[in-house]
Amino acid sequence: MGDARTGTAGSGPALWFASLGAVVAWAVQLSGGWFLEEVAACGPATASRGMVLGASVETWVLALTAAAAVVALAAGVIGFRWWSRRRNDDRDPRSGREAFMAFAGMLSAGLFLPIIVMGGLQVLSLRPCSP
Amino acid sequence: MATTVARRMERAWAEPRTWRTWLTTVDHKRIGVRYLVTAFTFFVLGGLEALIIRAQLALPDGRLVGPEAFNQLFSMHGITMIFLFITPMLSGFGNFLIPLMVGARDMAFPRLNAFGYWVFLASGVFMYGGLLFGVAPNNGWFNYAPLSGRAFTPGLNIEFYVLGLIFLGISTTAGAINFIVTILKLRAPGMTIARMPLFCWALLAASFSIVLALPPLTAGNIMLLVERRFGFHFFSGPGGDPVLWQHLFWIFGHPDVYIIFLPAVGIVSSVIPVFSRRPMVAYTWVALATVATAVIGFGVWVHHMFAVGLPQISMGLFAAASMIITIPSGVQVFAWIATVLGGRPRLRTPLLFCLAFVVVFVIGGVTGVMFASIPFDQQVTDSYFVVAHLHYVLFGGAVFPVFAGLYHWVPKITGRLLNESWGRWSFWLIFVGFNVTFFPMHIAGLLGMPRRVWTWPEGLGWDPYNLLATVGAFVLAAGILVTAVNIVVSRRRGEAAGDDPWGGDTLEWAVGSPPPEYDFAVIPDVRDRHPNWDREARLRDAERAVGRTPVPAEGHRTVATTVLDAEPSEILEMPHESGWPLLVTAALALIFVGFLTEAELAVAAVGTILFLVGVGGWHLRTDAPETAR
Amino acid sequence: MGSVERAEPFYRESQPTTGTMGMLLFILTEAALFASLIVSYFFLRFRATALWPPEGIEAPDLLLPSVMTVILLSSSIPMHIADAGIRRGSRGRLRVGLLCSFVLGTTFLVLQAFEYSESLRQFTPQTNAYGSLFFLITGFHGAHVLGALLLNLWVQIQAGRGFYHGERHATVRNVALYWHFVDAVWIAIFSSLYLAAA
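Protein chains in written order, with numbering that gives the first Met the number 0: chain D, 0 to 130; chain U, 0 to 628; chain Y, 0 to 197.
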């Protein structure tokens, strides 16, 4: 990643985090939650059903959800701040592209945050390992 | 524009039109047309299978074909339409259009492109080989275990499925990698990612989905192959679990829905602004919606398995994603509607197909989001309601756009306009036929008609819906036939199209119809999202074609640029025609055919040697010692 | 893949070539393939039986696999020396590095064959899912090591003909990337199939 003015590749980790943070957070929550419940906690071979490494599946899913939501929110905020700095400067192709990426990050936070929250809050009403 | 640069380009790029170059061509336009023609042929075959199915089910106790033949027919219908028609069809559009749209002279890896086509053709012929011998796949297109095991399906049917799909996967993956590199590296200077045509965004998203989603299917197929051939245990036997196949299949299967749908949507986003005579509304939102759909598509696969008996919290996580995935699709629908309403639309055939697509896709989307509700899904799963839904999203969501794309771009490909009134006839036959075929299936499904039954008894109240569906299917087929005839006839008799019959905004309309071998005499300079509406820059390109120029004006070369900002980064020497891709394909075909026999390892060994020779020869010319240059 | 000629006036060293990008995408799809196999392993492990490895099979002995791991991972070092060497124009370092990594990679495969002969006394791929997964995943990886060795051999032959120099080394970079990838996959396999099952 080069410097924003002279570099040739990208615009620093912050912009990449803004663009992709929410997506990655959701992917981790989903795949982690699925694997912990269906495979690790509820398999026929599991000794203590509904538990993984001493904590209940609900606790795991809620912890994953909280962490993912914080990351997604942070990505959205950084995206918004970057975008509001660059949006009026579209003569320069590089600024235009950076504003585009920041805007994309902002929108994806708005999209993935609800999925993360909706997916996570269900543990308040559903019991693990019940088909 | 018969300028000096164009003449030099002509000399460097023209492939002599002999039978030899017919086998060795690497021109993305010739390969693209082959993809389109071959895929359309498979479309016709899959359609004929569908007509036999509908004829069988028209009336109660149909006995046109027996149960075994019926199983093979509906399996081959699904496999053909999903794997051999729609994905390669959209690759055909991509192959022809992507280099033109990004302002390059070919795909990033032209020989790999040729290889991808040959493998597609060979694997399609391979799978249809099974049908000729009466042992085509007969377990549905998702081929569930344990029915796919040797204990229940001892014949070669499943081998044709497993080997055919692994073989085809090589082609699809090679094509996807080629699209990604072409889109990321070969864009004309100035075409930053914020200025890319939406069709490129769609193909980019779909190609990344292919790269990541095809491996689970391939892994599942490899496991199933060794389980069947060599007695391994993955899906049955001690320690095996059939649910593993379902997970592996649907981790591929749902992203595949978007692999099909996204390029189709890219076509719609290309056609609508041109025929509305205004820029696409909310470019950034639509581009992002495309990518977001592809990403969320990886997190919804369990909604195909809601009736399996998985634990609730896992299902809930996937249900949440399955509901939210409608939002990016909704964003696009509103953007299309706003573009049409905010523009000055010309209601020509391509736009008609796009508008019909929006209507049909919204209906399919509504039934789709119903499946995200787990109790409803468990009620209607495996019924004709699902068949209706999937045809609304796949036929409506992909085939309507394909027809829009044909009416939009065939004039670019052949240089001749299609007949408009035939186009309208075709449109109305397809639109009416489609709805008459598939809408009644919703009702039949709610009345309890299960999918994949080879015949059904009287007195269940399904009669009118099945008869209607069959009538509709033949109307639909007639509509497709009209377009096929239209394309063939207009190729000779159509009006000349000229460079830009529609006033398009993307760069393929800046070159001739059909485009010259070298695509662009000078690599264009891009300053905004609508390079072909930027008259000033295009006129400057024409001037540069005469004078001295900073872009490669001679030789067999094109320009590579940086990934995000499209600043020129290097000049690529592009490869010429080559016979090696065909040889490597033949070697692979030998290996796959060998696995149908008892001497699979011996044949595979011979095939591997041939493969290594082929790959070596392929790279020898590129990597020739310097003295030989 | 089109060979790249250094050209006026805007050649940028910092950007990946199209060939390298193609290789990275190929590696990505292969990584997804191995990930699918390893997820399948854990899926069957947790879903299927209470005992892992199942009854009648001993937990894997870690000594030989650890030696194999050290050998395979260390083969990345000469490969890196070869790649970095030719970028600075050193054909000597290229050839020595390639040869060393080739020898190490071959040693790995020989040891794997030896390990198989030991394992087969206890279980075969047909015994149960444990055996099937073990032989499929390690065998599939072994086939990839063999593929990487063939690529290495190709580069050695070309290097012997004096093809590569300080300005032309794209193929070396791509083969080195693939080599490192095959080594990295082994870390995942060693952790899942050996360490986590011991």
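Virtual Cβ for every residue (Gly too), placed ideally from N, Cα, C.
If you draw a straight line from the Cα of Gly315(U) to the Cα of Gly593(U), it comes to about 45 Å.
When Val181(Y), Leu62(Y) and Ala47(Y) are compared, the shortest CA-CA separation from Leu110(Y) is found for Leu62(Y). Contact note: Val299(U) does not reach chain Y at a C-beta cutoff of 8 Å; the least C-beta distance is about 17 Å. Among the residues facing chain Y, Val27(D) is not included, as its CB has no counterpart in that chain under 7 Å away. Phe113(Y) has a beta carbon lying at 7 Å or more from every beta carbon in chain D. DSSP assignment within the segment 373-398 of chain U yields the following whole alpha helix (DSSP H) runs of 4 residues or more, N-terminal first: 373-379 and 383-393.
In the DSSP assignment, the residues bridged to Met50(D) are Ser55(D). Ile114(D): not part of any beta strand (DSSP E); member of the alpha helix (DSSP H) spanning Pro92 to Leu120, first to last residue. The beta carbon of Phe42(Y) falls within 7 Å of a beta carbon belonging to chain D, placing the residue at that interface. Contact check for Pro237(U) and Asn127(Y): beta-carbon distance about 4 Å, within the 8 Å limit, so the pair qualifies. Contact with chain D is absent for Gly219(U), since none of that chain's Cβ atoms lies less than 7 Å from the residue's Cβ.
The Cβ atoms of Leu589(U) and Gly613(U) do not sit closer than 7 Å to each other. The alpha-carbon separation between Pro374(U) and Val64(U) amounts to approximately 36 Å. In the three-state scheme derived from DSSP, where H, G and I count as helix and E and B as strand, Val161(U) is classed as helix.
Contact annotation for Phe25(Y) against chain U: Ile176 [CB-CB distance below 7 Å, chain order]. Contact between the segment 376-387 of chain U and the segment 440-449 of chain U is present: 3 or more CB-CB pairs across the two stretches fall below 8 Å. Below the 7 Å Cβ cutoff, chain D contributes no neighbours of Leu538(U), its closest Cβ being approximately 21 Å away. Around Met20(Y), the beta-carbon contacts reaching into chain U at under 9 Å are Ala107, Ile176, Ile179, Val180, Leu183, Lys184 and Val562.
Within the DSSP bridge table, the entry for Val558(U) names Ile570(U) as partners.
For the pair Ile70(Y) and Ser100(Y), the Cα-to-Cα distance works out to about 10 Å. Interface annotation for the segment 27-42 of chain D against chain Y: Val38, Ala39 and Gly42, criterion Cβ-Cβ distance under 7 Å. Here the C-alpha atom of His388(U) lies approximately 53 Å from the C-alpha atom of Ser116(Y). Under the three-state reduction of DSSP output, Ala65(D) falls in the helix class. As the crow flies, the alpha-carbon of Gly49(D) is around 9 Å from that of Ala39(D). Under the Cβ criterion of 7 Å, Pro310(U) is counted among the residues facing chain D.
The contact set of Asn127(Y) on chain U, defined by CB atoms closer than 9 Å, consists of His232, Gly236, Pro237, Gly238 and Gly239 in chain order.
The segment 225-308 of chain U contains, as complete alpha helix (DSSP H) runs of 4+ residues, the segments 241-275 and 282-295 (chain order). Within the DSSP secondary-structure output, Arg415(U) pairs in a beta bridge with Ala495(U). If the five residues before and after Ala57(U) are omitted, its C-beta is found closer than 7 Å to the C-beta atoms of Asn465, Leu466 and Thr469, all from its own chain and listed in chain order.
Against chain U, the CB of Ser129(D) has a partner CB under 7 Å away; the residue lies at that interface. Looking only at Asp564(U), Trp508(U) and Ala559(U), the smallest Cα-Cα distance to Glu572(U) is reached by Ala559(U). Per the C-alpha coordinates, the member of Leu35(D), Arg93(D) and Gln28(D) positioned closest to Ala319(U) is Gln28(D). Here Asn70(U) has Asn137 as same chain residues with Cβ atoms under 6 Å from its own Cβ, once five neighbours each way along the sequence are excluded. Apart from the 5 residues on each side of it in sequence, Val180(U) sits with its Cβ closer than 6 Å to the Cβ of Ala107 in its chain, given in chain order. Bounds of the alpha helix (DSSP H) holding Gln157(Y) are Ala128 to Gly159. Within chain D, no C-beta atom comes nearer than 9 Å to that of Arg172(Y); the closest sits roughly 16 Å away.
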